[in-house]
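Undergrad: Residue 60 in numbering that gives the first Met the number 0 sits at position 61 of the sequence shown, and the numbers go up by one each step.
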Amino acid sequence: MNVIDHVRDMAAAGLHSNVRILSSLLLTMSNNNPELFSPAQKYQLLVYHADALFHDKEYRNAACKYSMALQQKKVLSKTSKVRPSTGGTASSQRAPNNVSVSQLVCLIPLCF
């Protein structure tokens, strides 16, 4: 079981503040060492982090992380055409359309 699986399990258990802290730490580590996670794993971390922010009602930060996840998904689609993906199965990843909808839902409370 890798660290992404632990983050997924914590998110499923509703431990949103723990997901937020751990995913933030892992994303910082991946920024300092890009080879640490595959593009698919980084995408998943960004989505879990954004979901945790959304749950904590930090809508602006969540929308920003969802946007970063969509950008990472574009990188993932470009690299997967070159080489097969090594991390994360398609069933464990949220579709980009779902992430886009989540991003828009974050922006609704900011309008009122």
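Think of the CB as a built atom: it goes at the ideal place given N, C-alpha and C, for glycine as much as any other residue.
Between the segment 34-45 and the segment 59-76, can you find at least three pairs of beta-carbon atoms closer than 8 Å?
TA: The segment 59-76, when compared against the segment 34-45, does touch it at the 8 Å Cβ threshold.
Undergrad: Once the 5 residues before and after G86 are set aside, which same chain residues still bring their CB inside 6 Å of it?
TA: Note on G86: pLDDT 48, under 50, position unreliable in the model; the coordinate value appears next. S37, A39, Q40, listed in sequence order.
Undergrad: Let's test the definition: count the other Cβ atoms within 10 Å of the Cβ of L75 and tell me whether it reaches 16, buried, or not, exposed.
TA: Buried, because 16 or more other Cβ atoms sit within 10 Å of the Cβ of L75.
Undergrad: Just to confirm the assignment, what range does the alpha helix (DSSP H) spanning S23 have?
TA: Per DSSP, S23 belongs to the alpha helix (DSSP H) from 15-31.
Undergrad: Answer yes if the segment 18-32 comes into contact with the segment 47-65, meaning at least three C-beta pairs across the two stretches below 8 Å, and no otherwise.
TA: Judged by Cβ distances under 8 Å, the segment 47-65 makes contact with the segment 18-32, as three or more pairs qualify.
Undergrad: When burial is assigned at 16 or more other CB atoms within 10 Å of the CB, is V98 buried or exposed?
TA: So V98 counts as buried.
Undergrad: Which stretch, first to last residue, makes up the alpha helix (DSSP H) that contains V9?
TA: Correcting the residue type first, residue 9 is Met in the shown sequence and not Val. 2-11 is the extent of the alpha helix (DSSP H) around M9.
Undergrad: Do you know offhand how far D4's Cα is from N31's?
TA: Going from the Cα of D4 to the Cα of N31 covers about 21 Å.
Undergrad: I need the DSSP call for G87, collapsed to helix, strand or coil.
TA: Low confidence applies to G87: its pLDDT is 48, below 50, so where it sits in the model is not reliable enough to give any reading.
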